[in-house]
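The structure appears right after this line, and notes come after that.
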Amino acid sequence: MVPLVEFENLKVRFKGERTVHAINGLNLSLQPGEMLGLLGESGSGKSVTLKTLLRLLPPKRSELEGSVRVNGTDVMSLSGKALARHRGGEVSMIFQEPALALDPVYTVGEQIAETVMRHKGVSRVAAMDVALDMLTRVRIPSPERRLKTYPHEMSGGMRQRAMIALALSCRPKLLLADEPTTALDATVQIQILLLLRELQKEFGMGVIFVTHDIGVAVEVSDRIAVMYAGNLVESGTAAEVIKNPRHPYTKGLLAANLHGAVKGQRLDAIPGSPPALETAPDACSFADRCPQATNRCRSALPPVVDISGQHKVACVLETANV
Ligand SMILES: Nc1ncnc2c1ncn2[C@@H]1O[C@H](COP(=O)(O)OP(=O)(O)OP(=O)(O)O)[C@@H](O)[C@H]1O
Numbered sequence: 001m002v003p004l005v006e007f008e009n010l011k012v013r014f015k016g017e018r019t020v021h022a023i024n025g026l027n028l029s030l031q032p033g034e035m036l037g038l039l040g041e042s043g044s045g046k047s048v049t050l051k052t053l054l055r056l057l058p059p060k061r062s063e064l065e066g067s068v069r070v071n072g073t074d075v076m077s078l079s080g081k082a083l084a085r086h087r088g089g090e091v092s093m094i095f096q097e098p099a100l101a102l103d104p105v106y107t108v109g110e111q112i113a114e115t116v117m118r119h120k121g122v123s124r125v126a127a128m129d130v131a132l133d134m135l136t137r138v139r140i141p142s143p144e145r146r147l148k149t150y151p152h153e154m155s156g157g158m159r160q161r162a163m164i165a166l167a168l169s170c171r172p173k174l175l176l177a178d179e180p181t182t183a184l185d186a187t188v189q190i191q192i193l194l195l196l197r198e199l200q201k202e203f204g205m206g207v208i209f210v211t212h213d214i215g216v217a218v219e220v221s222d223r224i225a226v227m228y229a230g231n232l233v234e235s236g237t238a239a240e241v242i243k244n245p246r247h248p249y250t251k252g253l254l255a256a257n258l259h260g261a262v263k264g265q266r267l268d269a270i271p272g273s274p275p276a277l278e279t280a281p282d283a284c285s286f287a288d289r290c291p292q293a294t295n296r297c298r299s300a301l302p303p304v305v306d307i308s309g310q311h312k313v314a315c316v317l318e319t320a321n322v
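Per the UniProt record's numbering: the sequence shown = residues 1 to 322.
This is the structure:
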C-alpha cells in the first residue's frame with residue numbers, strides 16, 4: 001500500500017542572521033486512515049514538519065533536502081494549480097486559533113461554500129448543502145441558523161467546530177492539526193478531540209496531530225512520534241510507546257507523571273533545555289539532559305533501532321539490547 005505520507009531523510013534549515021537546523025533527517029510514514037500524534041516540546045520541529053506537507057515554509061529563507069510525499073506525490077515538485085489542489089483539497093490544516101482560518105467578514109456558510117465551489121466546481125446551492133451537512137456533522141446546534149452566522153458571533157468551541165467543518169468540507173485525505181485545542185478549556189478540548197477522532201474514522205482520513213500533551217496524544221492517536229530538537233527520537237503505536245517507552249526522553253515525559261499519561265501533562269517537566277539549533281547535530285541532542293548518557297552518546301549520532309514492528313527508537317543504549 002502506498003503510504004499516505006512519507007518523509008524520507010527530510011532536512012530543513014532556515015537561513016538568516018543565524019542558521020536554524022530545524023529538522024535533521026526525518027524518516028516517518030503514515031498509512032491512509034491512521035491518526036498520528038506528533039509530540040515534542042517547543043521548538044522541536046513539529047510545526048515545521050506539518051508545514052512541509054503543504055509547502056508553507058518561506059521559499060527564500062528555507063532549504064530542504066530529502067523528500068516529502070503525499071499519496072506518492074512529491075510535494076516539493078508541486079506548483080501552480082496542482083499545488084492549489086493539494087492545499088485544501090488533498091490536504092487540509094486546522095490551527096490552534098480559529099481566527100487564522102475563519103474570515104471575520106463572511107458568514108460561516110459562505111466560507112465553507114466558497115471553499116467547496118473552488119475545489120469541487122459545484123454550484124453555490126450544492127456547496128451550501130455541503131456546508132449545512134458539515135455543520136451538522138461537527139454537531140453545531142441549529143446548523144441552518146449557523147450557516148448565516150459570522151465567526152465573532154460564535155463561542156470559542158463553536159468556532160473550533162466551524163473550522164473543522166471548513167477543513168473537512170472537501171473531504172481531504174490528510175488533515176493536519178496544529179495543537180487544535182490548547183486555547184480551549186479542558187472539557188471543550190476533549191469534546192473537540194473526540195469529535196475529530198470520530199470524523200477521522202468516518203471519513204477514513206489520515207490525521208497528523210501536533211501536541212505538547214502526552215495524555216492527549218495517547219487518547220486520540222493510533223501512533224505516536226516523539227521529536228526532540230529536530231530529530232525523531234521514538235515512534236510506535238500509542239499502546240506500545242506508553243507500555244514500553246524506550247527513549248530516555250519519552251521515559252522522562254511519562255515518569256514526570258505518576259499515572260503515566262494524564263491529560264494536561266506538559267513536556268517541559270524534564271530539567272534542562274534543548275540545544276541551540278545553529279549547527280547540524282553530530283551526537284545525540286538529548287545527551288546533556290539524559291540521566292543515562294555515556295561518552296558514546298556525545299561522540300556520534302544515535303542509531304535508529306527497530307524494537308518491534310513499527311516501534312523505533314534512536315538511542316545508543318538500545319544497541320546493547322538487540
Ligand atoms: N520561518 C522560520 N524562520 C526561521 N526559523 C524558523 C521558522 N519557522 C520555524 N523556525 C525555527 O525552527 C525550529 C522549529 O520550530 P517549530 O515551530 O517547528 O517548533 P514546534 O515544535 O512546532 O514548537 P511549538 O510547540 O512552540 O510550536 C525553531 O527553532 C523555530 O524557531
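We put the CB at the ideal spot given by N, CA and C, even for glycine.
{"Check": "Burial state of Val233, where buried means 16 or more other Cβ atoms lie within 10 Å", "Outcome": "buried"}
{"Check": "Leu135 versus Met93 - alpha carbon distance", "Outcome": "17 angstroms"}
{"Check": "Heavy atom of ligand 1 within 7 angstroms of Gly40 beta-carbon", "Outcome": "yes"}
{"Check": "Per-residue burial, Lys312 [other beta carbons within 10 Å of its own, 16 or more giving buried]", "Outcome": "buried"}
{"Check": "Proximity test, Val48 beta-carbon vs ligand 1 heavy atom, cut-off 7 angstroms", "Outcome": "yes"}
{"Check": "Per DSSP, the bridge partner or partners of Phe14", "Outcome": "Val20, Ser62"}
{"Check": "Extent of the continuous alpha helix (DSSP H) to which Val218 belongs", "Outcome": "214–220"}
{"Check": "Bounding residues of the beta strand (DSSP E) (the contiguous stretch that carries Ile224)", "Outcome": "223–228"}
{"Check": "Presumed contact (8 angstroms Cβ cut-off) between Gly33 and Met154, rounded CB distance", "Outcome": "About 30 angstroms separates the two Cβ atoms, so there is no contact after all."}
{"Check": "Cβ-based burial, Gln160 [other Cβ within 10 Å; buried from 16]", "Outcome": "buried"}
{"Check": "For Leu78, the three-state DSSP class (helix, strand or coil)", "Outcome": "coil"}
{"Check": "Ligand 1 heavy atom lying under 7 angstroms from the CB of His152", "Outcome": "no"}
{"Check": "Own chain residues within Cβ distance below 7 angstroms of Ile23, not counting five before or after", "Outcome": "Leu10, Lys11, Val12, Gly45, Val48, Thr49, Gly230"}
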